[in-house]
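Asker: Position one of the sequence shown corresponds to residue 153 (this note's numbering), numbered consecutively onward.
We put the CB at the ideal spot given by N, CA and C, even for glycine.
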Amino acid sequence: MRLGLIELRRRPGRYLAVASAVGFIVALALILSALSDGLYLGATGAYRSTDADVYFFAPESAFQLGRSVVPADAVAEVKGSELVAAAGGFGTLQTAAVADDGTELLLSLLGADGPARPASITAGRFPSDGADEVLVDAQLERRGISIGSRIVVGSGAALTVVGVAEDAGFGLDTAWTGIATWERVRIAVRPELAALAGTVQAIAAALEPGVEQEEATEQLGQIEGLIVGTPQDAISGLPAADQQRTTLGAIVNTTFVVAALVIALFFALVTLEKRAQFAILKALGMGNRALLGAVFVQALVASAVGFVIGSASSRGPEAVLPTSVPALFLRSTATGILVATLLMGAIGAVVTFRRIVRIDPASAIGGNL
């Protein structure tokens, strides 16, 4: 270990090259992870940010809101179960809208009552029943929309922003309101849906304290005309949500494999270049473990420096990305990438172990190297 640190101090330039290469890979991983988090979290916050434990959909919907039509009186039936503490309707409307400052929006207007509402309201309040008010996802603040702003939907329904919720997105520019306002706006924007008045697309329910979710879904699944699932079931029903996360996750994981290969190749070349020095050190009594420890420390330091370089480099794209791009640079994700970077550095160093073990101390004698 001490030998590795001494060499790092004497020849930092050599290791800066591999650190820079790792930094480029880390920056790429951070940006891709931010896009993955932005897409997935931004599309699923409507389910993750509520107090609902289970959701009810129409049987033929496959847990997709757009395919589900649930009679409003079914809410009362769900509430009547002894397993359910509270229940409320839930629905969505995708439409074009414009803010009062001229910002054009692709709006996902969510109607919600009871436990279907966001639990993490960071500013303001949830809209009053029947009022032309909305609560917006915090991501809309990046687009200049905040409490007091007005959003005009369709042919002229003007909704005033009265609150902001954290992590409450549903794919597009997301705003929340009560079921009554949602239904009125939905019919105004799409008159052909007037026949669906008095219906919702799903029902969100919070279970009584102590009731197990698995047990509840089994028993509540017996309610006629409805299927019941967990919030994760509802998330899996979103078109391409899981597939997007899996695909981008695979790309990020591939970048770390590349990082391990880069580090392994670098230290393999360093080991080959310093074969004579290693042979002499072994002839003087230094063991394989000490030599591997020196390489291991150098790999970890190079990886850590690479992470710092990559993290700093990713701030550039973060600052210039358009507000319409759903990118989230999360501290938890960065921490995971740091751990993965150090792990890949360690794996890359271990690859050189076989080369170090195979060096014959006797080759230092006579210069036959």
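Closest to Glu376 by C-alpha separation, out of Glu344, Ala393, Ala327 and Val230, would be which residue?
Answerer: The shortest C-alpha separation from Glu376 is found at Val230.
Asker: Quick check: the stretch 388 to 408 against the stretch 297 to 305, are at least 3 beta-carbon pairs closer than 8 Å?
Answerer: Contact fails: fewer than three Cβ-Cβ distances are below 8 Å.
Asker: Sort Glu256, Ala237 and Gly282 by Cα distance to Val305 and report the nearest one.
Answerer: Out of Glu256, Ala237 and Gly282, Glu256 has the C-alpha closest to the C-alpha of Val305.
Asker: Can you check which of these residues, Val170, Gly197, Ala420 and Leu443, is closest to Ile273 by C-alpha distance?
Answerer: Residue Gly197 is the option with its Cα nearest to Ile273.
Asker: Kindly confirm or deny that the stretch 182 to 197 and the stretch 314 to 324 touch, where touching means at least three C-beta pairs closer than 8 Å.
Answerer: The stretch 182 to 197 vs the stretch 314 to 324: in contact.
Asker: Do Ala238 and Ala358 have their C-beta atoms closer together than 8 Å?
Answerer: Result yes, Cβ atoms of Ala238 and Ala358 sit closer than 8 Å.
Asker: Kindly give me the distance between the Cβ atoms of Ala498 and Ala186, rounded to whole angstroms, as I take these residues to be in contact under 8 Å.
Answerer: At roughly 25 Å, the Cβ-Cβ gap does not stay under 8 Å, so Ala498 and Ala186 are not in contact.
Asker: Buried or exposed: Gly381, going by 16 or more other Cβ atoms within 10 Å of its Cβ?
Answerer: Gly381 should be labelled buried.
Asker: Run through the DSSP bridge pairs and tell me what Val141 is partnered with.
Answerer: With the chain covering 153 to 521 only, the question about residue 141 has no answer from this structure.
Asker: Quick check: what's the CA-CA separation for Asp203 versus Leu287?
Answerer: Rounded to whole angstroms, Asp203 to Leu287 spans 17 Å at the Cα level.
Asker: By DSSP, does Ala169 sit in helix, in strand, or in coil?
Answerer: Note: Ala169 maps to helix in three-state DSSP.
Asker: How many whole angstroms separate the CB atoms of Ile489 and Leu182, which I take to be in contact at a CB cut-off of 8 Å?
Answerer: Indeed they touch by this definition, with Cβ atoms about 6 Å apart.
Asker: What residue does the alpha helix (DSSP H) around Ile339 start on, and which one ends it?
Answerer: Where Ile339 is concerned, the enclosing alpha helix (DSSP H) stretches over Ile331 to Val341.
Asker: Out of Ser260, Gly243, Ser233 and Arg269, state which residue places its alpha-carbon closest to the alpha-carbon of Ala249.
Answerer: Of the candidates Ser260, Gly243, Ser233 and Arg269, the one whose C-alpha sits nearest the C-alpha of Ala249 is Ser260.
Asker: At a cut of 8 Å, does the stretch 332 to 339 reach the stretch 207 to 218 through at least three beta carbon pairs?
Answerer: Taking 8 Å as the limit for Cβ pairs, the verdict is that the stretch 207 to 218 does not touch the stretch 332 to 339.
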